[in-house]
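These protein sequence lines map, in sequence, to chains A and B.
At position 120 of the first sequence (counting the first as 1) the number is 106 in this note's numbering, and the numbers step up by one without a gap.
If you want this note's numbering, it's the position in the second sequence, counting the first as 1, plus 2.
Just so you know, even glycine gets a beta-carbon here, dropped at the ideal spot from N, CA and C.
Written below as structure tokens is the structure these notes are about.
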Amino acid sequence: MENKTHESIVGDQFGSQAGAYLASPVHARGEDLDRLARLVGTRPAARALDLGCGGGHVAFRLAPAVGQVVACDLSPDMLAAVAAEAVRRGLGNVATEQGLAERLPFADARFDVVASRHSAHHWHDLEAGLREARRVLRPDGLAVFMDVVAPESVLGDTFFQTIEMLRDPSHVRDYSVREWRRAVESAGFAVRSVACHRVWLDFASWTARMRTPEDHVRAIRSLQGRAAAEIAEYFAIEADGSFTIDTMTLEAVPTPH
Amino acid sequence: MTDRVPGIDPKLMEILVCPVSKGPLRYDAERQELVSERAGLAYPIRDGIPIMLPDEARRLDEEGAQP
């Protein structure tokens, strides 16, 4: 068999599923988006970057509150869907651009806000992506990183990465809050706040969104069935495989060079 | 597709640089490309979306070659 690059796997995974991500309630709503909106407030002159925009939910949420939003993603189909949805919603200040988080095509210090949601767990290199976020952010800017987080326990971490990889071959790593803090700080930020939210995932739509093959679905269900009691409890695994995860909203500001 | 005019958002153009060299870009309206002389790469613009990926860019030393 011929193996594909990580970028093309990410593109394939998300390209044909753009509509599912646009419509997914897990992605379209959330306490993290509400918190983001509160943190950003109203900044009519600000330029914001939605880094790894996916279905564009950060861009749509921020567009009415800021002057301009740039939505950046690796998947051209996602970007086309975001551009069309922005037009449909009458949001004339959303621009789209295809790029890699680790190699952003923006000049230094051009953004007042950089926000990234449910994207970093697909990046090849978290620290490189965070350094780029830091580079394009103004010294007085605000960064908000939102993602699914792994449990701090090693066993829970391994379990979670395994089912994530079975579900989605473009998965790289869900980081723990501790790993996030360390990576954000070493990229030149100071962490201002971290808020965690539990999010319930419906097993059928969670796997359908990624078109997880049937043999992988069975493997996930088997692992869930054999999981240690503390794992089953942490993830609140239900009879049909639905479970609950932690997500994080981390607010950071640049530290002086 | 929408009836969007091909081209690039001028506000986006103000902040874009080459992702490889971080150097300036020149907009080639005829070819619908953003040209990075420093990196020797031309990034395509498709449906108004600039494709800022080195792997998708045309190499300038292969002038005339199809991307």
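Where residue i sits in the DSSP three-state scheme
i: residue 67 of chain B; result: Since pLDDT at residue 67 of chain B reaches only 48, below the 50 mark, its modelled position is unreliable, and the value read off the structure follows with that caveat. DSSP places residue 67 of chain B in coil when its eight states are reduced to three.
i: residue 32 of chain B; result: coil
i: residue 221 of chain A; result: coil
i: residue 3 of chain B; result: Because the pLDDT of residue 3 of chain B is 42, which lies under 50, any placement of that residue in the model is unreliable, and the question is left without a value.
i: residue 178 of chain A; result: strand
i: residue 183 of chain A; result: strand
i: residue 216 of chain A; result: helix
i: residue -5 of chain A; result: helix
i: residue 19 of chain B; result: coil
i: residue 83 of chain A; result: strand
i: residue 9 of chain B; result: coil
i: residue 128 of chain A; result: strand
i: residue 20 of chain A; result: helix
i: residue 226 of chain A; result: coil
i: residue 94 of chain A; result: coil
i: residue 70 of chain B; result: A query on residue 70 of chain B cannot be resolved here, the shown segment of chain B reaching from 3 to 69 and no further.
i: residue 5 of chain A; result: helix
i: residue 26 of chain A; result: helix
i: residue 107 of chain A; result: helix
Assumed close pair residue i, residue j - CB separation to whole angstroms, cut-off 8 Å
i: residue 91 of chain A; j: residue 240 of chain A; result: Actually they are not in contact, since the Cβ atoms of residue 91 of chain A and residue 240 of chain A sit about 20 Å apart, beyond 8 Å.
i: residue 29 of chain A; j: residue 52 of chain A; result: 5 Å
i: residue 177 of chain A; j: residue 167 of chain A; result: 6 Å
i: residue 130 of chain A; j: residue 22 of chain A; result: 5 Å
i: residue 13 of chain A; j: residue 38 of chain A; result: About 12 Å; that fails the 8 Å criterion.
i: residue 42 of chain B; j: residue 28 of chain B; result: Between residue 28 of chain B and residue 42 of chain B the Cβ distance is about 13 Å, and since that is not below 8 Å, they are no contact.
i: residue 196 of chain A; j: residue 153 of chain A; result: 5 Å
i: residue 97 of chain A; j: residue 24 of chain A; result: Not a contact, Cβ separation roughly 19 Å.
i: residue 244 of chain A; j: residue 63 of chain A; result: This structure gives no information on residue 244 of chain A, because the portion of chain A shown stretches from -13 to 243.
i: residue 156 of chain A; j: residue 26 of chain A; result: Incorrect: roughly 29 Å between the Cβ atoms, too far for contact.
i: residue 140 of chain A; j: residue 35 of chain A; result: Incorrect: roughly 34 Å between the Cβ atoms, too far for contact.
i: residue 46 of chain B; j: residue 32 of chain B; result: 13 Å between Cβ atoms; not a contact.
For residue i, the first and last residue of its enclosing beta strand (DSSP E)
i: residue 102 of chain A; result: 97 to 103
i: residue 229 of chain A; result: 229 to 240
i: residue 112 of chain A; result: That residue, residue 112 of chain A, is in no beta strand (DSSP E); its alpha helix (DSSP H) goes 112 to 122.
i: residue 43 of chain B; result: 43 to 48
Start-to-end residues for the alpha helix (DSSP H) that takes in residue i
i: residue 203 of chain A; result: 200 to 212
i: residue 29 of chain A; result: That residue, residue 29 of chain A, is in no alpha helix (DSSP H); its beta strand (DSSP E) goes 29 to 37.
i: residue 48 of chain A; result: 43 to 48
i: residue 15 of chain A; result: Taken as a continuous stretch (DSSP letters only), residue 15 of chain A belongs to no alpha helix (DSSP H), as it is neither H nor E.
i: residue 194 of chain A; result: 189 to 194
CB contact check: residue i to chain C, cutoff 9 Å
i: residue 42 of chain B; result: Absent here is chain C; the protein component of the structure consists of chains A and B.
Residue i beta carbon near the ligand MN (any heavy atom closer than 8 Å)
i: residue 16 of chain A; result: The model on display carries no ligand, and the ligand MN is accordingly not part of it.
### Message
Which runs of the alpha helix (DSSP H) at least 4 residues long sit entirely within the stretch 139 to 174 of chain A? Give them in chain order.
### Response
For the stretch 139 to 174 of chain A, the full-length alpha helix (DSSP H) segments reaching 4 residues or more read 140 to 153 and 163 to 172 along the chain.
### Task
Write down every uninterrupted run of the beta strand (DSSP E) in the stretch 52 to 79 of chain A whose length is 3 residues or greater and which is fully enclosed by it, in chain order.
For the stretch 52 to 79 of chain A, the full-length beta strand (DSSP E) segments reaching 3 residues or more read 52 to 59 along the chain.
### Query
Would the stretch 136 to 151 of chain A and the stretch 108 to 123 of chain A be scored as touching if the rule is three or more Cβ pairs under 8 Å?
Touching, no, given that fewer than three Cβ pairs across the two stretches are closer than 8 Å.
### Task
Give a yes or no on contact between the stretch 12 to 22 of chain A and the stretch 173 to 187 of chain A, applying the rule of three or more CB pairs nearer than 8 Å.
Three or more Cβ pairs closer than 8 Å define a contact, and the stretch 12 to 22 of chain A meets that threshold against the stretch 173 to 187 of chain A.
### Task
Report yes or no: do the stretch 41 to 61 of chain B and the stretch 78 to 90 of chain A share at least 3 C-beta pairs separated by less than 8 Å?
Look at the beta carbons and you see the stretch 41 to 61 of chain B touching the stretch 78 to 90 of chain A: at least three pairs across the two are nearer than 8 Å.
### Task
State whether the stretch 185 to 199 of chain A contacts the stretch 158 to 172 of chain A, with contact taken as three or more CB pairs (one from each stretch) at a distance under 8 Å.
Output reads no: the stretch 158 to 172 of chain A does not touch the stretch 185 to 199 of chain A.
### Message
Whether or not the stretch 29 to 45 of chain A and the stretch 57 to 67 of chain A are in contact is what I'm after, with contact meaning three or more pairs of Cβ atoms, one per stretch, closer than 8 Å; do they touch?
### Response
Under the 8 Å Cβ criterion, the stretch 57 to 67 of chain A counts as touching the stretch 29 to 45 of chain A, having at least three qualifying pairs.
### Message
Across the stretch 130 to 140 of chain A and the stretch 28 to 39 of chain B, are there enough close Cβ pairs to call them in contact, namely three or more that are closer than 8 Å?
### Response
Contact between the stretch 130 to 140 of chain A and the stretch 28 to 39 of chain B is absent: fewer than three C-beta pairs spanning the two stretches fall below 8 Å.
### Task
For the stretch 65 to 79 of chain A and the stretch 3 to 10 of chain A, state whether three or more C-beta atom pairs, one from each stretch, are separated by less than 8 Å.
Between the stretch 65 to 79 of chain A and the stretch 3 to 10 of chain A there are three or more inter-stretch CB-CB distances shorter than 8 Å, so the stretches are counted as touching.
### Query
Between the stretch 200 to 212 of chain A and the stretch 221 to 232 of chain A, are three or more C-beta pairs nearer than 8 Å?
Contact holds: three or more Cβ-Cβ distances are below 8 Å.
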